[in-house]
Amino acid sequence: STQRYMGIKTEAAVLLALRLSTMFNRTYLLFAGGLFFGTITSVITKVQYEMNAVGMDGVARPFEKPWFASFVMFTAMSFAMLIYWGEKWRVQSHRRKLGETVSSPLLGPDRGYIPAANGANHTTADSTSWKTYFAIMGPSLFDLIASTLAQIGLLFTTVSAFQMLKGALLIFSAFLSVLYLKKKLYGYNWLGLFLCFCALAMVGAASLGSPQGHRDHFLEICGIGLIVAGQLIQAFQFVVEEALLKDVRVPPLVIVGMEGVWGVVFMVLIFLPAVYLIPGGDVGGAYENTLDSFVKLRNDHVLWITMFLYWVAILMYNICGVCVTEALSAIHHTILDTLRTLCVWALDLALYYVFTDGKFGEAWDNWSYLQLAGFVVLVYGTMVYDGIIRVPGLEYPEEAEKLAPNSNLMAVLQSPIRASPIIARHEVVSAPKSRSRLGSQFHSDASSVSISLVAPSSQGIL
């Protein structure tokens, strides 16, 4: 009987190891997908700005359409709702047919079907009512303005500098968390913020000094200012979401999809007509002519293909982010941020030197060394802020305190894409309290194995 017991125990251990291996492989595959799609979204946007296409006036002009680019981004995000409804229908159909417990990473934490106390299957309470959909309208407006300001700023900077300047989000969000959410920042937090500020100053100076920047330094300064202003508005968006959706459990895919839906509505009804009526240098004397954008896409197949790739990349980027939300820690977030910025820069250099012979991308010059130094300081400052790198002599709170519910906002600051603090709230509240730097909790039953990786601060989408 002892041998039989040991055999059963060994078989169970092997089965558990295989399940854990499968889940980890899926997680890191999605991690790689987020890195890939996150990289090409930034690079494709900059390449499109530099592509010439024939428009309504019959003249080939650069496709400098930041408002149209934001419109395409929101249409891609809105398709997340179709994926959510389709996945929800699949889970419900599976349960009705087979009567099995089913969960889905696309439906978020505690979504899908879970076993009840009496053994029957039931669903958790779903707060995705029409009231919830309308509550997301406010944050989506902030998202639209912030994203478009950053898109306009990209017109006047290199894509690598654009990617690094988005690190200003951490600084603004930290200050807003102190003012509105009464978050306590420790000495190491302030040190990290100071290092990030110095890093952003170095990146901005390198962008202004580089000959690759915009030929008009005033416009380049405005571009940098618009990118930074976009991050300030994004930080306010987190606070607005915290206020409007404080006690509502919303699947992450619904957050992404409904912000896309509302973004499309705002664009079609308000912003695209407004930028057409505002005087500017686009076709017909408009600030931006959306009809001309569609004509350019029709006339240039290469531009159309790049726009379609951009649309797909935005959608896949958000899906990858939703699927790995529960498995990423603060260390993973910092690594992903670092790798994404490096990949964006490397791909832009490759476009210049390898693929397009200087037509697209950016070159390496003497100012690039200052930008690289700024990037290193930015990464180091972020890791100091998150407590990943500990500075001797500074006070660090206990792990349980750092995972307190009032740290929801800070849980997603290092997310490369526009993540919601609502997405992270349930992870932070339900996370096991551990004094270890990176704790692991494993749970298995007859039908599934769930894994939760816990780290000090970041638990958001990608």
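Going left to right, the sequence shown walks through residues 854 to 1315 as the numbering used here numbers them. Just so it is clear, CB atoms sit at the ideal spot from N, CA and C, and this is done for glycine as well.
Residue i - containing alpha helix (DSSP H), residue span
i, result
"residue 1151", "1143–1152"
"residue 1000", "990–1007"
"residue 1217", "Careful: residue 1217 lies outside any alpha helix (DSSP H) and carries neither H nor E."
"residue 1022", "1021–1033"
"residue 1081", "1070–1097"
Residue i to residue j span [Cα, whole Å]
i, j, result
"residue 1234", "residue 1040", "13 Å"
"residue 1155", "residue 1080", "28 Å"
"residue 993", "residue 1082", "17 Å"
"residue 1031", "residue 1045", "15 Å"
"residue 1065", "residue 937", "43 Å"
"residue 949", "residue 987", "31 Å"
"residue 1135", "residue 1033", "41 Å"
"residue 906", "residue 1015", "24 Å"
"residue 1255", "residue 1060", "For residue 1255, the pLDDT reaches just 49, beneath the cut-off of 50, and the residue's location in the model is therefore unreliable, although a value from the coordinates is still provided. If you take the alpha carbons of residue 1255 and residue 1060, they lie about 36 Å apart."
"residue 1222", "residue 1229", "11 Å"
"residue 991", "residue 998", "11 Å"
"residue 1170", "residue 882", "12 Å"
"residue 1008", "residue 1088", "22 Å"
"residue 1250", "residue 1035", "16 Å"
"residue 1151", "residue 1084", "33 Å"
"residue 1148", "residue 913", "11 Å"
"residue 1111", "residue 1090", "15 Å"
"residue 1205", "residue 1193", "18 Å"
"residue 1020", "residue 945", "41 Å"
"residue 908", "residue 917", "12 Å"
"residue 1327", "residue 1242", "Residue 1327 falls outside the range modelled here, since the chain spans only 854 to 1315, and no answer is possible."
"residue 1268", "residue 1076", "Residue placement at residue 1268 is flagged as unreliable, the pLDDT there being 36, under the threshold of 50; the coordinate-derived value follows with that caveat. Those two C-alpha atoms are separated by around 22 Å."
"residue 1116", "residue 982", "19 Å"
"residue 1123", "residue 1248", "49 Å"
"residue 929", "residue 1071", "33 Å"
"residue 984", "residue 1153", "42 Å"
"residue 1195", "residue 1211", "20 Å"
"residue 1074", "residue 1058", "10 Å"
"residue 1069", "residue 885", "38 Å"
"residue 1118", "residue 1097", "20 Å"
"residue 1161", "residue 1244", "46 Å"
"residue 1078", "residue 1157", "30 Å"
"residue 1246", "residue 1103", "41 Å"
"residue 931", "residue 921", "15 Å"
"residue 1224", "residue 1217", "10 Å"
"residue 915", "residue 891", "24 Å"
"residue 880", "residue 1139", "46 Å"
"residue 995", "residue 1113", "12 Å"
First and last residue of the uninterrupted beta strand (DSSP E) at residue i
i, result
"residue 907", "905–907"
"residue 913", "913–915"
Residue i versus the options, residue with shortest Cα-Cα distance
i, options, result
"residue 1001", "1128, 1169, 1108, 1168", "1128"
"residue 889", "1102, 1090, 1199, 1214", "1199"
"residue 1215", "1063, 947, 914", "1063"
"residue 899", "1188, 1010, 1112, 1110", "1010"
"residue 1237", "1003, 1043, 1085", "1043"
"residue 1209", "884, 903, 894", "903"
"residue 911", "1170, 1146, 1035", "1146"
"residue 896", "1241, 989, 1167, 1218", "1167"
"residue 940", "1107, 1213, 1139", "1107"
"residue 1239", "931, 1021, 1038", "1038"
"residue 893", "1232, 1073, 1243, 1012", "1012"
"residue 1029", "1092, 985, 1056", "1092"
"residue 1373", "1121, 1224, 1213, 1165", "The shown model of the chain, from 854 to 1315, leaves out residue 1373, and the question about it has no answer."
"residue 1027", "1018, 1049, 921", "1049"
As assigned by DSSP and simplified to three states, the class of residue i
i, result
"residue 818", "A question about residue 818 goes unanswered here, because the residues of the chain that appear run from 854 up to 1315."
"residue 1064", "coil"
"residue 1105", "helix"
"residue 1126", "helix"
"residue 1245", "coil"
"residue 1132", "strand"
"residue 1010", "coil"
"residue 881", "helix"
"residue 984", "helix"
"residue 1209", "coil"
"residue 1041", "helix"
"residue 919", "helix"
"residue 1201", "helix"
"residue 1036", "coil"
"residue 886", "helix"
"residue 1240", "coil"
"residue 910", "coil"
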